[in-house]
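In my numbering, the protein residues as written are 5 to 528.
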């Protein structure tokens with residue numbers, strides 16, 4: 005039985021699909037993923053060193069090292085931060101919708117890593133099927149504190165991807181009849197049907213009070229019209245039996261399983277279960293069983309102003325999948341049309357990251373988010389422990405607040421990513437390092453636009469859930485910085501971020517002052 009050491013402290017959703025995900029998420033790189041020092045003071049290098057056997061100890065960690073993260077004393081050993089990779093971004097999308105409706109999001113629905121990963125930095129891309137590793141940072145406005153960014157990226161998709169076998173499980177309960185729910189789901193399915201290849205396969209299952217198979221696994225080929233007819237004919241029913249829908253969906257996915265293809269269950273729902281087993285835990289055993297036996301992963305697409313975020317995310321986590329949230333036709337097109345072709349391929353299974361901080365230079369560190377993605381340090385190289393599934397062209401960012409020891413110089417941290425090859429399940433690792441010299445320039449200085457965007461997104465999310473990260477500006481200042489960045493980059497996605505921060509500032513009553521197309525450099 006696989007084990008996953010993840011804690012839940014904050015919840016929410018916005019992106020991932022097909023093949024590893026359909027993700028709604030400045031240095032030069034060598035062919036092995038090596039990253040040279042860049043404009044933001046980054047310094048990292050990749051390596052394909054042989055990985056220890058599964059379960060082998062991390063020999064870089066001295067024996068007797070304390071397990072709890074946080075402050076390192078003067079004589080403390082190397083300190084570790086370990087987490088499963090995550091490309092979800094739906095928490096940010098749902099928060100934007102909530103703010104647009106004049107409400108602050110529930111702090112429990114705010115996951116900072118999903119805000120950060122909603123924007124795609126221009127990290128170098130490896131030429132192989134692994135990861136590039138980029139570390140950079142800058143000095144924050146808090147005395148002694150700096151920001152450290154760990155950036156991971158995979159290469160884009162190939163023109164000849166594997167075929168996909170997709171089982172759509174569609175919520176047609178009464179609550180889905182409201183505008184922006186079933187109508188948006190139908191539009192999304194119609195858009196994607198037109199973009200699938202002839203050798204892809206599609207099945208459709210609907211559920212309200214019970215589940216119904218509307219289309220068995222069918223090769224797209226000459227059947228696009230049939231698929232469109234089934235989608236167009238969807239109508240709402242009564243209650244929401246997510247349990248029956250998910251179980252039936254997996255039955256259909258197993259029956260139509262295609263070896264060598266991307267086999268995925270795609271759940272479109274507002275996740276407001278009220279019939280059958282309404283606790284996600286009751287459904288997880290089946291999801292986990294089919295995931296392990298057949299490699300079938302789950303992708304959750306959330307809709308609706310009232311949305312069961314925590315329920316959907318638990319299902320996707322257990323199903324080695326991802327979640328996204330769509331509120332407009334434009335967002336649906338972005339997920340199901342613009343990003344579909346590049347995200348059918350899976351680059352990595354059970355991917356984890358471990359950041360080792362040098363106690364000689366680091367007095368304290370705080371990871372922003374990833375609360376329910378944490379992995380025990382000793383499980384980093386235990387390949388029985390779940391990590392994240394990462395698709396082609398994805399980026400993953402982790403942001404840390406780091407307090408440096410005064411006057412100390414040298415290595416600050418080493419970040420290592422470990423993953424399993426999707427086809428052979430052979431383990432691989434790649435790593436990068438950063439030193440104190442890379443963290444001395446001010447984060448709000450010139451030439452740090454990419455890092456500033458990561459900082460703005462992280463600070464914003466942390467503030468929404470009541471945190472107080474060192475060096476975090478007031479919301480009004482964050483909004484102004486985001487607005488200035490949007491103008492410099494001509495970025496619609498950053499402009500939307502600035503507007504969301506302004507709305508949050510107005511709703512908090514702080515009184516602290518005022519103040520997407522394919523060419524968008526930061527679109528997720």
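Just so it is clear, CB atoms sit at the ideal spot from N, CA and C, and this is done for glycine as well. Remember, it's a predicted structure, so these values are computed and weren't measured experimentally.
Per DSSP, residue i forms a beta bridge with which residues?
i, result
"residue 413", "Beta-bridge pairing links residue 413 to no other residue."
"residue 378", "87"
"residue 174", "210 and 272"
"residue 149", "407"
"residue 302", "269"
"residue 400", "156"
"residue 136", "157"
"residue 231", "According to DSSP, residue 231 bridges with nothing at all."
"residue 394", "352"
"residue 535", "This structure cannot settle anything about residue 535, because the visible part of the chain is limited to 5 through 528."
"residue 433", "422"
"residue 215", "211"
"residue 205", "169 and 223"
"residue 456", "Answer is none; residue 456 lacks a bridge partner."
Alpha carbon to alpha carbon, what distance is there between residue j and residue i?
i, j, result
"residue 166", "residue 257", "17 Å"
"residue 515", "residue 155", "Because the pLDDT of residue 515 is 41, which lies under 50, any placement of that residue in the model is unreliable, and the question is left without a value."
"residue 419", "residue 435", "5 Å"
"residue 254", "residue 289", "12 Å"
"residue 129", "residue 440", "25 Å"
"residue 103", "residue 499", "15 Å"
"residue 384", "residue 393", "15 Å"
"residue 524", "residue 279", "43 Å"
"residue 125", "residue 213", "43 Å"
"residue 222", "residue 354", "29 Å"
"residue 400", "residue 91", "6 Å"
"residue 527", "residue 349", "20 Å"
"residue 425", "residue 132", "12 Å"
"residue 218", "residue 323", "23 Å"
"residue 308", "residue 275", "9 Å"
"residue 86", "residue 109", "28 Å"
"residue 226", "residue 158", "34 Å"
"residue 143", "residue 449", "10 Å"
"residue 455", "residue 447", "7 Å"
"residue 421", "residue 459", "22 Å"
"residue 356", "residue 381", "11 Å"
"residue 457", "residue 451", "12 Å"
"residue 464", "residue 321", "24 Å"
"residue 319", "residue 302", "8 Å"
"residue 390", "residue 513", "42 Å"
"residue 466", "residue 187", "33 Å"
"residue 138", "residue 437", "8 Å"
"residue 411", "residue 147", "13 Å"
"residue 190", "residue 336", "10 Å"
"residue 195", "residue 481", "39 Å"
"residue 33", "residue 415", "Note that residue 33 scores 34 on pLDDT, short of 50, meaning its location in the model is unreliable; the coordinates nonetheless yield the value given after this. Approximately 21 Å, taken between the alpha carbons."
"residue 492", "residue 472", "28 Å"
Measure the beta-carbon distance from residue i to residue j and round it to whole angstroms, keeping in mind my assumption that it falls under 8 Å.
i, j, result
"residue 94", "residue 114", "Not quite, the Cβ-Cβ distance comes to about 11 Å (not below 8 Å), so this is no contact."
"residue 461", "residue 152", "Not a contact, Cβ separation roughly 15 Å."
"residue 161", "residue 432", "Contact doesn't hold; Cβ gap of about 19 Å is too wide."
"residue 379", "residue 270", "No, residue 379 and residue 270 are not in contact; Cβ-Cβ is about 27 Å, not under 8 Å."
"residue 117", "residue 374", "5 Å"
Using a Cβ-Cβ cutoff of less than 7 Å, which residues in the same chain neighbour residue i once the five nearest sequence positions on both sides are dropped?
i, result
"residue 483", "502, 505, 506, 509 and 519"
"residue 286", "247"
"residue 299", "267"
"residue 150", "141, 142, 143, 144, 406, 408 and 443"
"residue 292", "322"
"residue 181", "240"
Tell me whether residue i counts as near the ligand SAM, meaning its Cβ is closer than 7 Å to at least one heavy atom of that ligand.
i, result
"residue 187", "Although the ligand SAM was asked about, the structure shown includes no ligands whatsoever."
Going along the chain, which residues of its own chain have a beta-carbon closer than 6 Å to the beta-carbon of residue i, five neighbours each way excluded?
i, result
"residue 367", "407 and 409"
"residue 305", "272 and 328"
"residue 352", "394 and 423"
"residue 216", "210"
"residue 402", "154"
"residue 101", "331"
"residue 361", "83, 369 and 417"
"residue 316", "275, 304, 306 and 327"
"residue 312", "275 and 276"
"residue 476", "463"
"residue 202", "224 and 225"
"residue 252", "209 and 215"
CB-CB under 8 Å to residue i, same chain, minus the five flanking residues each way: which ones, in chain order?
i, result
"residue 243", "177, 178, 212, 213, 278 and 279"
"residue 205", "167, 168, 169, 170, 221, 222, 223, 224, 260, 262 and 265"
From the beta carbon of residue i, is the nearest beta carbon of chain C less than 8 Å away?
i, result
"residue 408", "The structure shown has no chain C; it contains just one protein chain."
Task: Contiguous beta strand (DSSP E) assignments of at least 3 residues, all confined to the segment 316 to 354 - done: 326 to 329
Open item on the list: In chain order, what are the residue ranges of uninterrupted alpha helix (DSSP H) at least 4 long that sit wholly in the segment 460 to 521?
Closed with: 479 to 493 and 496 to 512
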